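One structure below.
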Amino acid sequence: MESANPKFLEKIVRKLAIEIGPRPLRQPEKLSRARDFIQETFKGLGLVTHLQSVIYKGTEYHNVLASIPGVNPLELQTEPTLVVGAHYDTVASSPGADDNASAVAALISSASMAAKMNLSNVVFAAFCMEEPPVFRTKNMGSYWYARHLKRIGQKLIGMICLEMVGYFSDKPGSQKYPFPLMNKMYPDRGNFIAIVGNVKSRAFTQRLKGLFQMHCKVPVESLNAPALMIGIDFSDHWAFQKHGFNAVMITDTAFYRNPHYHRPTDTPATLDYVKMAQIVDGLTLSIRQICTDFNPDAR
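In structure tokens form, the structure reads like this:
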């Protein structure tokens, strides 16, 4: 398998964060530009895309769903499916390089590599709305997709949410935690990637962590905890957990590490694209293993 290209990742981040800029809910034209860019990029990589409408206060937005030809992510599939997703909106005050263009870039890059593996039981989803005012509500784009899958009776292998995967620091004390005890259990340098989920998703978390440890050059940590731990469910995996699916988040830990979180300074220049590429490599190889474990004919 070819390795992910750091320059390709940076190109996507710059397109979203600089050329398009902030992509908040109140600027639907910006979200439409981002949607079109993501959809066309997926298509250019040989994937088939489907748009799922999401209505909020009379305005139509869209989730972009990508898969190999012959698979419709909005229809019931006979085999359990893996969903890999990232939101493409931002808060109004930030260009959102790390939050969440970094994850969208990782999503697209992984999809381009997975497409060559001909995996039929994985869907790559770019969600239209995650940030306030819809954050952790039924109006999130991911909630609409999770609810749809539940309604049609689709079984999932699990859901992997990509949320801020580009900011790293080797500076001592650069990594923060919600509870002091965690400082003794986890690194104090923000140079790792984290896989987190609720208690129900523990087995899925550990499976994914084990695969990352085999395939990713970036150190990986994991945590499963109830919602009382601030940040444990702060992204699109929350929506899938609400519908009973196993769902985890892969993240650089957001505001526990990145000082530019939700600020105008969240720019492409602050990200580490080499580490991002290494994470994409680990993610894609993990996806291949998970999908073929459930369906040996998927590749």
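Mind the numbering: the sequence shown is residues 1395 to 1693 in our numbering, read in order.
Positions of the beta carbon are idealized from the N, C-alpha and C atoms, including for glycine.
From a predicted model like this one, the values you see are computed outputs, not experimental measurements.
1. Could you tell me whether the Cβ atoms of A1617 and V1590 are closer together than 8 Å?
2. Could you pull the DSSP bridge partners for S1616 from this structure?
3. Which residue or residues does DSSP assign as beta-bridge partners of V1407?
4. When you compare the segment 1454–1467 with the segment 1616–1633, are there three or more beta-carbon pairs, one atom per stretch, that lie closer than 8 Å?
5. With a CB to CB cut of under 7 Å and the five nearest residues on each side skipped, what residues in its chain are close to A1692?
6. Assuming A1497 is part of the beta strand (DSSP E), what are its boundary residues?
7. Per DSSP, what kind of secondary structure is E1473 in: helix, strand or coil?
8. Which word fits R1545, buried or exposed, when buried means at least 16 other C-beta atoms lie within 10 angstroms of its C-beta?
9. With burial defined as no fewer than 16 other Cβ atoms inside 10 Å of the residue's Cβ, what is the status of N1466: buried or exposed?
10. For S1426, tell me which candidate among N1577, R1651, G1552, C1522 has the shortest Cα-Cα distance.
11. For a cutoff of 8 Å on Cβ pairs, would you count G1464 as touching chain D?
12. Pick out the complete beta strand (DSSP E) segments inside the segment 1529–1599, 3 residues or longer, and give them in chain order.
13. What is the C-beta distance between D1675 and H1609, in whole angstroms, given that I count them as a contact (C-beta under 8 Å)?
14. Over what stretch of residues does the beta strand (DSSP E) that includes Q1446 continue unbroken?
15. Does the pairing of the segment 1496–1513 with the segment 1534–1545 give three or more beta-carbon distances under 8 Å?
On the basis of the coordinates in this document:
1. In the sequence shown, residue 1617 corresponds to position 223, counting from 1. In the sequence shown, residue 1590 corresponds to position 196, counting from 1. First, the amino acid is wrong: residue 1617 is Leu here, not Ala. In this structure, V1590 lies closer than 8 Å to L1617 by Cβ.
2. Taking the sequence shown and counting its residues from 1, one reaches residue 1616 at position 222. Its beta-bridge partners are I1589.
3. Locating residue 1407 in the sequence shown gives position 13, counting from the first residue. Note: V1407 sits in no beta bridge, so no partner.
4. Contact between the segment 1454–1467 and the segment 1616–1633 is absent, because fewer than three Cβ pairs lie under 8 Å.
5. By one-based count along the sequence shown, residue 1692 stands at place 298. In this predicted model, A1692 has a pLDDT of only 48, less than 50, meaning its place in the structure is not dependable; the value taken from the coordinates is given anyway. Result list for A1692: L1513, S1514, N1515, C1685, T1686, in chain order.
6. Residue 1497 sits at position 103 when you count from the first residue of the sequence shown. No beta strand (DSSP E) holds A1497; the alpha helix (DSSP H) holding it covers 1497–1509.
7. As a working mapping, residue 1473 is identified with position 79 in the sequence shown. Coil at E1473, not helix or strand.
8. As a position in the sequence shown, residue 1545 is number 151, starting the count at 1. Counting Cβ neighbours within 10 Å, R1545 comes out exposed, since fewer than 16 surround it.
9. Reading the sequence shown from its first residue, position 72 is the one you call residue 1466. Exposed, because fewer than 16 other Cβ atoms sit within 10 Å of the Cβ of N1466.
10. Reading the sequence shown from its first residue, position 32 is the one you call residue 1426. That would be C1522, whose Cα lies nearest to the Cα of S1426.
11. In the displayed structure, chain D is absent; only one protein chain is listed.
12. 1550–1557, 1587–1591
13. Locating residue 1675 in the sequence shown gives position 281, where the first residue counts as 1. Locating residue 1609 in the sequence shown gives position 215, where the first residue counts as 1. That belief holds up - the Cβ atoms of D1675 and H1609 are roughly 7 Å apart, short of 8 Å.
14. Taking the sequence shown and counting its residues from 1, the one referred to as residue 1446 is at position 52. Taken as a continuous stretch (DSSP letters only), the beta strand (DSSP E) holding Q1446 covers 1442–1450.
15. no
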